[in-house]
Each structure stands twice: as structure tokens, then as C-alpha cells.
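Asker: Questions regarding the structure given below will be posed in turn.
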Amino acid sequence: MGAAAFALSGGAGSGERSVGEKRVPTGPPTSAEVRATARDFLAAWAEGDMARAAALTDDRTAAKKALTSYRKDARLTKVRLTPGKRSGAEVPFKAAAMVSYEGVSKPYAYASKLTVVRRKSDGATLVDWRPAVLHPELRPGDRLVTGEAGDPPIKAVDRAGAELTAAKYPSLGAVLDSLREKYGKKAGGTAGIELRVVRADGKKPAKAAGDTTSKDDATTKDDAKSVPDKTLLTIASGTPGTLKTTFSGSLQAAAERETAKRKQASVVVVKPSTGEILAAANSNPTGFNMAFQGSLAPGSTMKVVTSSMLLEKKLAGVDKKHPCPKYSTYGGWKFQNDDKFQIKNGTFRASFARSCNTAFISQAKKLENDSLTRQAQEVFGLGRDNWSIGVPSFDGAVPVQADAQMAASLIGQGGVRMNPLNMASVAATVKSGTFRQPYLVSPDVDDRTLATAPRKMSGATAAALRELMHHTAVAGTAAQPMRGLGADSGAKTGSAEVDGQKKPNGWFTAYRGDLASAAVVREGGHGGESAGPLVRAMLVAGG
Numbered sequence: 001m002g003a004a005a006f007a008l009s010g011g012a013g014s015g016e017r018s019v020g021e022k023r024v025p026t027g028p029p030t031s032a033e034v035r036a037t038a039r040d041f042l043a044a045w046a047e048g049d050m051a052r053a054a055a056l057t058d059d060r061t062a063a064k065k066a067l068t069s070y071r072k073d074a075r076l077t078k079v080r081l082t083p084g085k086r087s088g089a090e091v092p093f094k095a096a097a098m099v100s101y102e103g104v105s106k107p108y109a110y111a112s113k114l115t116v117v118r119r120k121s122d123g124a125t126l127v128d129w130r131p132a133v134l135h136p137e138l139r140p141g142d143r144l145v146t147g148e149a150g151d152p153p154i155k156a157v158d159r160a161g162a163e164l165t166a167a168k169y170p171s172l173g174a175v176l177d178s179l180r181e182k183y184g185k186k187a188g189g190t191a192g193i194e195l196r197v198v199r200a201d202g203k204k205p206a207k208a209a210g211d212t213t214s215k216d217d218a219t220t221k222d223d224a225k226s227v228p229d230k231t232l233l234t235i236a237s238g239t240p241g242t243l244k245t246t247f248s249g250s251l252q253a254a255a256e257r258e259t260a261k262r263k264q265a266s267v268v269v270v271k272p273s274t275g276e277i278l279a280a281a282n283s284n285p286t287g288f289n290m291a292f293q294g295s296l297a298p299g300s301t302m303k304v305v306t307s308s309m310l311l312e313k314k315l316a317g318v319d320k321k322h323p324c325p326k327y328s329t330y331g332g333w334k335f336q337n338d339d340k341f342q343i344k345n346g347t348f349r350a351s352f353a354r355s356c357n358t359a360f361i362s363q364a365k366k367l368e369n370d371s372l373t374r375q376a377q378e379v380f381g382l383g384r385d386n387w388s389i390g391v392p393s394f395d396g397a398v399p400v401q402a403d404a405q406m407a408a409s410l411i412g413q414g415g416v417r418m419n420p421l422n423m424a425s426v427a428a429t430v431k432s433g434t435f436r437q438p439y440l441v442s443p444d445v446d447d448r449t450l451a452t453a454p455r456k457m458s459g460a461t462a463a464a465l466r467e468l469m470h471h472t473a474v475a476g477t478a479a480q481p482m483r484g485l486g487a488d489s490g491a492k493t494g495s496a497e498v499d500g501q502k503k504p505n506g507w508f509t510a511y512r513g514d515l516a517s518a519a520v521v522r523e524g525g526h527g528g529e530s531a532g533p534l535v536r537a538m539l540v541a542g543g
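Each residue of the sequence shown is one higher than the one before, starting from 1 at the first, in UniProt numbering.
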């Protein structure tokens, strides 16, 4: 039998309403009601009376199923639940139990919380049921299961053969889980006995704040599940197989350090000559993998793709005269530049370096609605839903749009959605002149086919883009973070407005030698000031 200990106090009162002749309590639960409801629920759960515990929730059927599975499938017994200090209607608690399987037992402890709510119909107070009450890692449809692991463990190593672990590289936790799920059997290991979270089929990742996901909703091509199963406790170890990745241990360490210094930052580094992913990190290493799966408007970094299109269509030339007025109207929208600047009698070089919005909007009337979509897909390999990097990823989206939204897409707003992996690939494509799909596990491991772009940009267009990006790095909006990085470098800044945010997301993409990197800092403001120093640090670390 389990046991529950309680230490709950404090709270505010509630009112009443009449239902016929009966007085029904209303308002938030009182401290006494929170205390009693939490006490009864946790006691019933600890004692193994799952029917009684479920009856104390606002979703009896779902709660009973999950609580029964807790004992039957997760094999958790001798449960003890100890509540912490209540905050309003929320009660945190610690859980301790024994996990037993085929004569082997191991203790397991974790923390969770519950919230007490009032049912409107009769005023009863109940636990607001959600899977995370049972365990904080659970989402709807997930289960806790103890048994032989579905996938053997792996020993993932970097390009130099050094082991990659989540303890050393926190941002790689979910990536390593995904690699195990995809390559565990192929790497030659044997499965162990584990308590793990088994994800619901087709589970999509929870969005992070500010993630304006496109119609693709960050769906992935590498797996039916974009959130991998997660091991919580190893009861008996398996034998890991070795899996070589393209990560650089030194660059990954630098990416971890740099993102940890910032809030809401994500960065990726790739090798233009091969497409190998060298590093990827997020400020919140255990949260949503914005670096690979994010879906955000890329702002003016998208002007690299748009410029390639304008150059090919002869609608712009590096040193040709190009309009950059304060305003430009298209599709009923009035677009303007940052601080309403203008460049009189300027060139396209000057407009690109200053990131002049109107220089691009002014060309919308000369384009087809699908012009940018085709350019992104056919030359940069974006938005074709066919990347296979080795773990779940979002390949970018450049939907066909009309009128003002089409014009907005030219400057990385509208329906355009990208992440640092996508934009690092854009810089890499400019540097090498050819799209090479990024990847972190060699296709030789599983004979998968890497994505290719239908066509290659001309040598003249690639040279012009490199000239534009280099000028931006030495005399434009990217000059400060790119200072001193040499002649073989180029960059583009960006900022993207997001509804509900006080400050735009800051973007930066750049290359130096055989390195290309991109970063986003959500609510960071100007990309050169927020994301630029992060990308610089990566280019220097890899130099």
C-alpha cells in the first residue's frame, strides 16, 4: 500500500448560487477545498484505488485509464506522494515509487503538480485532469511503459569519434532520443529494460511561444512522430551500438555556451561543401527544438532568396540603379523601411546592404504569384517537404500567395516560414553555389536519399549574391558582428514582426570559408544586434 503526506494551507473564500432550493458554491476553490481534494486524490492514487482517485477528477474515464496503466504498464508500486507548498489552486507534489520487472526492482522519484477546479454544475471541487498530473513528461495520448526497450541504446559520436551525451551537450537531448529511435536497431546494439514515455502515434511537437507555424505545422519527414519516446529510468542496461554523426564536438560546445547566454536563441552551423550539420543548439535545451523544427517568419534574411530571383530575372543588378523610397504600396498595403529611411539614386548593392524593404516590394508588380515559391523550391531546396537529415526537421515553407501577402513574402513576412537550419542552408547554398541538403547522419547508414534542388543558380547569380552578402558584412547592417572575418565571408540581417510581441524576432545568416551559420533570437529586435554576435561566435569558433 502507498502513503500520502500533506501540508496544505491558506487560500480565499468563494460564493454561492441557487440551483432550485440548493445552494451551490461558486468562485475559486477555498484553501480547505484545495487541501481536501488534493489529499483525497493523492491518497487514493497512492493506495492503488484508481476508481476512487479518478472519481475525484473532472475526467473520470481518462484519469482511470491513465492511473490503471500507471500500475499495470509502467509497473510502478509502493507509491508515496508528498505535496509541497500550495499556490492558489495549484499543488506541487513529489512522487516516489518502485519500478519492478521480472524480479528486478529499482526506485524512481520525480516531481509533478495538480490543479483543483470547481465544477459549475454542482460546485464540487475536482482535480483538473491532464496526463501531466501523472508525470510531467506526458502529453495527451502518451503512456508510461516498463519493459524491453523498443529501440536498443546508441553511442552517438561526433565526427572525431568522441561520444555525444545530453549531459555534455544539453541541446542534443531530444536529437539523441530521435537518433536512437531511428537508428537503434541499425547501429547493432541490444535493448535493455526501461521505464519510458511511449509517445502517441503521429505526435507533433508542442509549439514554443512565438512559433507562428505554417500550414505544415512543423510536420517532419524523418519520422511519424516528431517527439521521440523518452527513457526515464534504466532498470537493466542494454548494449549500445555506435552511430557516427556529422556534429563537431568543439562547435557544439560553443553553440551550447552561446545560446545559454541568451534568451530564446537558436543557432545551426553547416558545412557548405557537403551539407553536414556541425552544430545546433537552443537556449531552452529541453524544450521545443526551434533550431531544426521551428517555423518562424525569417524577415529580411529571406531577401537572399528574393535577390537571387530578381538577379536571374534581370530585375536587379548589383551596381544598377534601384529604387528605395520611404514607402511602397502593393495589394492595398503600404510598406515602409525601418525608421522610414530612403536611398536616393542608390544601387541594388546599397539597398541590399541597408536592407531596404521598398526596394523589393517595388518589384512585386513584375512577378507572378508563384515566382518566389518556385525560386525557393527549385534553387534553394526549401519548402518541398523532402529533407531527410536523420532526425525530424521542418524544411521551410514559401506558399504561393497573392496581392499584399505575396509582396510581404519578398521580405520574409507573409506566409514564409523558416528556422535556423533552413537559413543556414540558404547561406551555404550561396557560398557553394549549389544546394546540398543538410544532414547529421550519413545516408550510407540507411541508404536514404538526400533531397536535391531541381536546378542550380548560374555562376553569375551566385557570384553576385556573394558580392552583395560580403558588402553587407563589411559596409551594411551586418558590419559590426562580421568585422574582421575576412574577404571570404558574407552575411544578411533580418528582423520579423510577430503579432503580440513588443519586439521583432532577430535573424542573422552568414558564411565564412567552409562554414555557414544562422540564428534567431525571438523578441531580440534587430538581427545584427541580437542574432549577429551569436553567428559571429560560431564562425570564429569554427575558424
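Don't be surprised by glycine CBs; every beta carbon is placed ideally from N, CA and C.
1. Are the stretch 480-498 and the stretch 362-378 touching, with three or more C-beta to C-beta distances below 8 angstroms?
2. Would you mind sorting Ala12 into buried or exposed? The rule is 16 or more other CB atoms within 10 Å of its CB.
3. Using the Cα positions of Thr125 and Ala254, report the straight-line distance between them to the nearest angstrom.
4. If distances are taken between C-alpha atoms only, which option among Ser530, Leu134 and Ala516 comes closest to Phe41?
5. Look at Val269 and Ala32 and say whether their C-beta atoms are less than 8 angstroms apart.
6. Return the Cβ separation of Ala353 and His471 in integer angstroms, given the expectation that the two are a contact with Cβ distance under 8 angstroms.
7. Express the C-alpha separation of Thr57 and Arg118 in angstroms, rounding to a whole number.
8. Find out if the Cβ-Cβ distance for the pair Ala291, Val267 is shorter than 8 angstroms.
9. Can you round the beta-carbon distance between Leu468 and Val318 to whole angstroms, since I take them to be within the 8 angstroms contact cut?
10. Can you tell which of Lys78, Arg130, Gly543 and Arg23 has the C-alpha that lies nearest to the C-alpha of Gly48?
11. Please classify Trp45 as buried or exposed, where buried requires at least 16 other C-beta atoms within 10 Å of its C-beta.
12. Applying the 10 Å Cβ sphere with the 16-neighbour rule, what's the burial state of Ala187?
13. Please state the DSSP three-state secondary structure of Glu121.
14. Counting only the same chain and skipping the five closest in sequence on each side, list residues whose C-beta sits under 6 angstroms from that of Arg536.
15. Going by CA-CA distance only, name the one from Ala408, Gly506, Val391 and Gly527 that's closest to Leu172.
16. Once the 5 residues before and after Thr429 are set aside, which same chain residues still bring their CB inside 7 angstroms of it?
17. Pick helix, strand or coil for Met418, following the three-state DSSP scheme.
18. Along the chain, where does the alpha helix (DSSP H) containing Pro481 start, and where does it finish?
19. Cβ of Lys321 within 8 angstroms of Cβ of Tyr327?
20. Could you check the C-alpha separation between Pro29 and Gly123 for me, to the nearest Å?
21. Can you confirm whether the stretch 403-410 touches the stretch 433-447 when touching is taken to mean that 3 or more C-beta pairs between the two stretches lie within less than 8 angstroms?
22. For the UniProt region "Disordered" (484-503), which segments carrying the beta strand (DSSP E) assignment without a break, of at least 3 residues, lie completely within its bounds, in sequence order?
23. Any idea which residues DSSP pairs Tyr439 with across the strands?
24. Just verifying my parser: in three-state terms, what is the DSSP assignment at Ser362?
25. For Trp129 versus Ala62, is the C-beta distance shorter than 8 angstroms?
26. How is Thr245 classed by DSSP in three states: helix, strand or coil?
27. Could you give the first and the last residue of the continuous beta strand (DSSP E) run that contains Trp333?
28. Is there contact here, the stretch 101-120 with the stretch 158-176, by at least three beta-carbon pairs under 8 angstroms?
Answerer: Looking at the atomic coordinates:
1. Of all C-beta pairs linking the stretch 480-498 to the stretch 362-378, fewer than three are shorter than 8 angstroms, placing the two stretches out of contact.
2. Its pLDDT being 42, under 50, Ala12 is placed unreliably in this model, and the coordinates cannot settle the point.
3. In this structure, the alpha-carbon of Thr125 lies about 50 angstroms from that of Ala254.
4. Leu134
5. no
6. 5 angstroms
7. 10 angstroms
8. yes
9. Indeed, because the Cβ distance is near 6 angstroms, the residues count as touching under 8 angstroms.
10. Lys78
11. buried
12. buried
13. A small fix is needed here, since residue 121 is Ser in this sequence, not Glu. Reduced to three states, the DSSP call for Ser121 is coil.
14. Excluding sequence neighbours, Arg536 sits near Pro481.
15. Val391
16. Phe380 and Phe435
17. strand
18. Boundaries of the alpha helix (DSSP H) around Pro481: Ala479 to Met482.
19. no
20. 9 angstroms
21. no
22. If you keep only unbroken beta strand (DSSP E) runs of at least 3 residues inside the UniProt region "Disordered" (484-503), you get 489-496.
23. Glu276
24. Note: Ser362 maps to coil in three-state DSSP.
25. yes
26. coil
27. Trp333 to Gln336
28. no
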